[in-house]
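Enquirer: In the numbering used here, the protein residues as written are 29 to 449. Note that beta-carbon positions come from the ideal geometry of N, C-alpha and C, so glycine has one too. Pasting in a structure now, in structure tokens, and then I'll have a few things to ask.
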Amino acid sequence: MEATKDTPATAGELRALRASMRRSRRRENARSMLLIAPLLLFVVVTFAVPIVQMLTRSIDNSVIPETLPLTTQELESWEPERAWDLPPEAVYRAFVADIQVAIEERRHTVVGSRLNYEMPGIASKFRRLGRAAPDWNLDTDGPFKDLLIENNEAWGDPQVWRLIRNYSGNYTSGYFANSVDYQLGDDGFEKRPDDESIYVMLFMRTIKMSLIITFTCFALGYPVAWLLANSSDRYANLMLILVLLPFWTSLLVRTSAWKVLLQNKGLINETLLSLGIINEPLPLMYNQFATIVAMSHILLPFMILPLYSVMKTIPPAHMRAAKSLGANGFTAFRRVYFPESTPGIGAGAILVFILAIGYYITPAIVGGTSGIFISNRIAYHISSSLNWGLAAALGTILLVAVLILYWIYDRVVGIDNMKLG
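Here you go:
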């Protein structure tokens, strides 16, 4: 019986085989992409697109040049020699022409609202002008400087026209200037008065209190995580249920519970008064203390769970080996156990800090005026003042601050050392 020999593949057959393998890989990749397409679409729609819109809105100023094109064009050539100099008649005439068109399109109140963010009270001047300007004739009436000043004395204020000129571009850095307590002036950025400077203070307070909350969660969570990792399964499961219990309760319920405990006639003050420990209620509510206590309770599980998942993987033999080599319990913990648990510390700290820095419901309920965060101000501008540009600028700065702190953490600790288990 003769042995058979494999016939060598020809060059054409090899090319066909490689092409078939490439088609097979493309089909596999296409199937993989189809599997993750819903998640990718969800992330793009709910995360990427809002961030891009936020970044765009924080510099968008198109409403002024689009609504007042003739006015902004005339103001470009206006160079006042003195602080009280008013623009020429041509500017006033162009302004009336723009306003009449804006009134027909019902946009005069929009530009008034935009300028009102920079000069409170000016929006009412535009509404009043909307009732008078339609009756003016550009060909027969005038001078329009007198007509406008007669309508409202604000049109005789040079600061109004300087404001329109300073914000005449399609894009502006004014929102970011306001976010750090500055404003756009004739000579660039100008410091806002002290009674209007609140945002830098709020940013610093937010970062400081978030760090305190993170440290508090670490101080309380580390012993609990150690107890979970080193207890028998029966007791560990019971304690884990207690740790997860806050997740089964509404955030508003947990925050309201602290309000009941901390207020002047709350459980804590009433107990201390009845025991004679204090003579008057302690100021536990509507301050930074209340915010720190309530948020530490809410965010504590986010510190415990990463710590527990890492501690569970630390072999008990490491501690026994350290003790057998002569180390006492504290030294063995400090030199062996604690360094091995640092990945969980990093994961928990990052989770708690990032969650804390963006919280606004809990500070709004229990924090009062001294315990609110910058996120509360962002929520105010989104829902109340409707100054979405400033809210977007504040949100962008907060995002950049988190990214910078994340970068610092990566440089100092190393993001590769962060583990969730």
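1) Hey, which unbroken runs of the alpha helix (DSSP H) at 4 residues or more fall wholly within the stretch 41-118?
2) Grouping DSSP H, G and I as helix and E and B as strand, with all else coil, what is GLY202?
3) I'd like the list of long-range same chain contacts for ILE382, defined as Cβ closer than 7 Å, with 5 residues on each side in sequence excluded.
4) Output the distance between the C-alpha atoms of SER337 and GLY372, rounded to the nearest integer angstrom.
5) Just to confirm my understanding: we take ILE127, look at its own chain, exclude 5 residues before and 5 after, and list those with CB closer than 7 Å. What are they?
6) Using the rule of at least 16 other Cβ atoms within 10 Å of the residue's Cβ for burial, across every protein chain shown, is HIS409 buried or exposed?
7) Can TYR145 and LEU418 be called in contact, C-beta distance under 8 Å?
8) Can you check which of these residues, PRO148, THR95 and GLY170, is closest to ARG134 by C-alpha distance?
9) Less than 8 Å separating the beta-carbons of GLY197 and PRO93?
10) Shortest alpha-carbon distance to LEU310 belongs to which of THR74, ILE192 and LEU289?
11) Where do the N-terminal and C-terminal ends of the alpha helix (DSSP H) with GLU178 fall, by residue?
12) Measure the C-alpha to C-alpha separation of GLN101 and LEU427 and round it to an integer number of angstroms.
13) Return the first residue and the last residue of the alpha helix (DSSP H) that LEU289 is part of.
14) Beta carbon of THR299, beta carbon of VAL394: below 8 Å?
15) With distances taken between CB atoms, is the gap from TYR199 to ASN89 smaller than 8 Å?
16) Put ALA31 into one of helix, strand or coil per three-state DSSP.
17) According to DSSP, PHE317 sits in a beta bridge with which residue or residues?
18) Excluding the five sequence neighbours on either side, which residues of its own chain have a C-beta within less than 6 Å of the C-beta of GLY140, listed in chain order?
19) From LEU255, TRP189 and LEU268, pick the residue whose C-alpha is nearest to that of ALA108; which is it?
20) Please name the residue or residues paired with PHE217 in a DSSP beta bridge.
21) Which residues mark the beginning and the end of the alpha helix (DSSP H) in which TRP189 is found?
22) Tell whether a beta-carbon distance below 8 Å holds between MET323 and GLN291.
23) What is the residue span of the alpha helix (DSSP H) that ALA257 lies within?
24) Nearest-angstrom Cα distance between ALA420 and ASP222?
25) Can you find the residues in the same chain that come closer than 6 Å, C-beta to C-beta, to ASN315, ignoring five residues on each side of it along the sequence?
26) So the alpha helix (DSSP H) TYR434 belongs to, where does it begin and stop?
27) Helix, strand or coil, according to DSSP, for TYR388 in the structure here?
28) Would you kindly check if the distance between the Cβ of ARG193 and the Cβ of LEU103 is under 8 Å?
Expert: In this structure, then:
1) 77-85, 91-95 and 97-103
2) helix
3) VAL430
4) 7 Å
5) HIS136, LEU157 and ALA161
6) buried
7) yes
8) THR95
9) yes
10) LEU289
11) 172-179
12) 36 Å
13) 279-290
14) no
15) yes
16) Low confidence applies here, because ALA31 scores a pLDDT of 48, under 50, leaving its location unreliable; read the following figure in that light. The answer is coil: DSSP assigns ALA31 none of H, G, I, E or B.
17) None, per the DSSP bridge assignment.
18) ALA151 and PHE154
19) The residue you asked about is not Ala; residue 108 is Pro in the sequence shown. Comparing Cα positions, the closest option is TRP189.
20) LEU212
21) 186-194
22) no
23) 227-258
24) 23 Å
25) GLY396, SER398 and GLY399
26) 416-440
27) coil
28) yes
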